[in-house]
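**Student:**
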Amino acid sequence: MTKLLVAFLIVFLSGCSSDFDKTCEFFVELSQSPGIDWMSANDKNIFIMERMNTLEDGDAKAAWNAITYAVPEEKYELFEQVAHDSEGGKDWQCSAMKVLVPSIKPETTIQKDSISLKSMGVTNEKEADFKPKKSTLPLL
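Numbered according to mature numbering (1 follows the signal peptide of the UniProt record, and there is no 0), the sequence shown spans residues -19 to -1, 1 to 121.
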């Protein structure tokens, strides 16, 4: 009975795709999305992030979060290396990710929050270019 259970687990686990493979599937799904030609870089990022957030915390999710702001042309190689290392040296490739990842980037605009600006002593919009005011706190 124990041997049967072990055999079943081996077959079952070997049939499960890794989170790296699931990540690749997300990129395949994006590549086949009918609206991809009209999606902005941020829209593509949102598409992928929504799917990545469905994964359990693990190496694939951590790797994607870590490379989010990396140079776009280097993201795939970085992710591929983590996949290779995490999969016990097994080669890992994803052509859809390799093609799409350079065109995916999160929006990085900083929105000016008037409440926060007021609390920092900013009194008008020109000062909102984040020029620091002199501190009134004593130096230690």
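Each residue gets a CB set at the ideal place from its N, CA and C atoms; glycine is no exception.
Compare the C-alpha of S(-2) against each of E37, L81 and K79 and name the closest.
**Tutor:** Among E37, L81 and K79, the Cα nearest to that of S(-2) is on E37.
**Student:** Are the region 14 to 28 and the region 66 to 80 in contact at 8 Å, needing three or more beta carbon pairs?
**Tutor:** The region 14 to 28, when compared against the region 66 to 80, does not touch it at the 8 Å Cβ threshold.
**Student:** Would you mind stating whether E68 and F8 have Cβ atoms separated by less than 8 Å?
**Tutor:** No, the Cβ-Cβ distance between E68 and F8 is not below 8 Å.
**Student:** Between K71 and H65, which are expected to be in contact by the criterion C-beta below 8 Å, what is the C-beta distance as a whole number of angstroms?
**Tutor:** K71 to H65, Cβ: 7 Å. Contact.
**Student:** Start and end of the alpha helix (DSSP H) containing L56?
**Tutor:** With the sequence shown as reference, residue 56 is identified as Lys, and Leu is not the correct amino acid for it. Run containing K56: P53 to S67, per the alpha helix (DSSP H) assignment.
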